[in-house]
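Chains as they are written, first to last, in the numbering used here: chain A, 33 to 178; chain B, -15 to 141.
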Amino acid sequence: MSLALITRALLLLGALGASGCAGARVNVTADRARYPLSLSPVVRDGRGRPYDAASLVKVGWLDVRKTTPGFVYSALTVPPARDFSDEINAQVAAAGGEAVVGLTVTVAGGCGWLNGFPILNALPVWPGCVPVRLTGDIVRRRNILP
Amino acid sequence: MARGSATALAVRSVVLVKGVGASLALTFAIAIGGCSSTSLSAAELRVPVLLGPIPCIGCVAEARQPAPMPLARIMGRRRFYAFFVPGPHLGIADDSQLGISADRLLAWTPCLDDLQLSNVSAHSWQVTVPFLIYIYDVFVEADATEVLVPGASCPSP
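Quick look at the structure:
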C-alpha cells in the first residue's frame, strides 16, 4: 500500500470517527394565550363572523423569540416544550389588540455554529439548539371601540 | 534521513492543501447552514388557522367539534448539504420542499369551518463528518384539524 493511500485511509477513518450530530427539537405551545392566534389573515368574532384585512386595523407587531438547547444528538431537549403565552399576552395587551393574525412560526438560523461545531459535536454532551421565533400582526376590529 | 524528511514534508504538504480546502468548506458550510431557516404560515388561506385555545375575538377557551375531514400534517422544511470532493472542490445542495405549504394543502377548507393546529414542533439539527460532509436541517411541523364553527359565516365577496 502506498503511503498516500494509507494517509487518505487514516484521514477518512479519523473524519468518520469524529463525526457528530447536534441539534434540538421543541414543542411550540400557546396554551395560556388569552387572544385568538391565527396563521391566516382571518379571525372570527363570537358570532362566527370573519374579519380580514379590510375589517381589521393593525395596532402592533408581535415578535417573540426563544432558543432551546438540546443534548445527546438532539434526542434530549430541555425543556421539551416552550409556551409562548406570557409574551404573547403581554405584547397584545400592551398594543391594545384583540387578536393576532398572520402568525408565523419560524425556525431561524443562528444555531448552525453550535450544531455543526466540528469534532466536539461528536460528544453526546455537546449542546445543540433550536431558535424559534413567533411573529405576526396585532390587530383589533375596525370601528369597534375598546 | 533525507528520504524520511522528504516523505514527512510530502505528507505535511498533502495535509496542508486538503486542510486549507477543508477549512474553507467547513467555514462556508457552517456559515451557510447557520443562515438556513424555514417557517410555518398560512398567509393565503381565507379561514382562521388557529394556534392556542381561544377560537375567536372575545371568546373563552373551548374545544370545538372536529369536522368529518382527515387530519392533515403540514410542514415547512429547509435542508442544506455541503460536501467536500477531493480536488479540492466543494459541492453544495439545497433541498427545500417547494409547493408543500399550508396554503396549498389546506386550500380546500370550507369557509364555514376553521383549522385548529396542534402538536406544533420545531427542529434544528446538523450532521457533520469533518472535512467531508455537512447536512443542516430545519423544519416546523404541525397537525391541522378542521373544526366546526357554530353560526359561522363566510367572508363577503
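Even glycine gets a Cβ: it sits at the ideal position worked out from N, Cα and C.
Look at residue 108/B here: in three-state DSSP terms it is strand. Residue 121/A and residue 120/B have their C-alpha atoms roughly 33 Å apart.
Not a single CB atom of chain B sits nearer than 7 Å to the CB of residue 107/A. Judged by pairs of C-beta atoms under 8 Å, the segment 48 to 63 of chain A touches the segment 101 to 109 of chain B, as three or more such pairs exist.
Any Cβ of chain A closer than 7 Å to the Cβ of residue 32/B would place that residue at the interface, and such an atom is present. Look at residue 38/B: its C-beta is under 7 Å from a C-beta on chain A. Per the Cβ contact rule, the segment 110 to 124 of chain B is not in contact with the segment 42 to 52 of chain B (fewer than 3 Cβ pairs under 8 Å). Straight-line spacing of the CA atoms in residue 65/A and residue 109/A works out to 23 Å. Relative to the Cα of residue 144/A, the nearest Cα in the group 56/B, 111/B and 95/B belongs to 111/B. For residue 46/B, no beta strand (DSSP E) run applies, since DSSP gives it neither H nor E.
Cβ atoms of residue 33/B and residue 101/B come within 8 Å of each other, at about 6 Å. Inter-residue distance for residue 29/B and residue 123/A is about 25 Å (C-alpha atoms, whole angstroms).
A Cβ-Cβ distance of about 12 Å is found for the pair residue 131/B and residue 37/B, leaving them out of contact under the 8 Å criterion.
Ranked by Cα distance from residue 71/A, the first of 48/B, 138/B, 35/B and 22/B is 35/B. Inside the segment 51 to 109 of chain A, DSSP marks no whole alpha helix (DSSP H) run of 4 or more residues.
Counting only the Cα atoms, residue 163/A lies some 7 Å from residue 97/A. Checking the DSSP bridge columns, you'll see residue 130/B partnered with 99/B. By the C-beta density criterion, residue 135/A is buried, having at least 16 other C-beta atoms within 10 angstroms. The criterion of a C-beta distance shorter than 7 Å is not satisfied by residue 139/A and residue 166/A. 7 Å or more divides the Cβ of residue 172/A from the Cβ of residue 83/A.
Less than 7 Å divides the Cβ of residue 68/A from the Cβ of residue 75/A.
Neighbourhood of residue 104/B in chain A, by CB distance below 8 Å: 59, 60, 61 and 137, in chain order. Rounded to the nearest whole angstrom, the CA to CA distance from residue 62/B to residue 94/A is 24 Å. Residue 160/A is a Cβ neighbour of residue 146/A, given a cutoff of 7 Å. Going by DSSP, residue 160/A is part of the beta strand (DSSP E) stretching over 160 to 173. Note on geometry: alpha-carbon atoms of residue 49/A and residue 148/A lie some 15 Å from one another. The three-state reading of DSSP puts residue 34/B in strand, counting E and B together. Following the DSSP letters along the chain, one finds residue 49/A inside the alpha helix (DSSP H) bounded by residues 35 to 49. Judged by beta-carbon spacing, residue 60/B lies within the 7 Å limit of residue 24/B, meaning their Cβ atoms are closer than that value.
Note: residue 60/B is bridge-paired with 124/B in the DSSP secondary-structure output.
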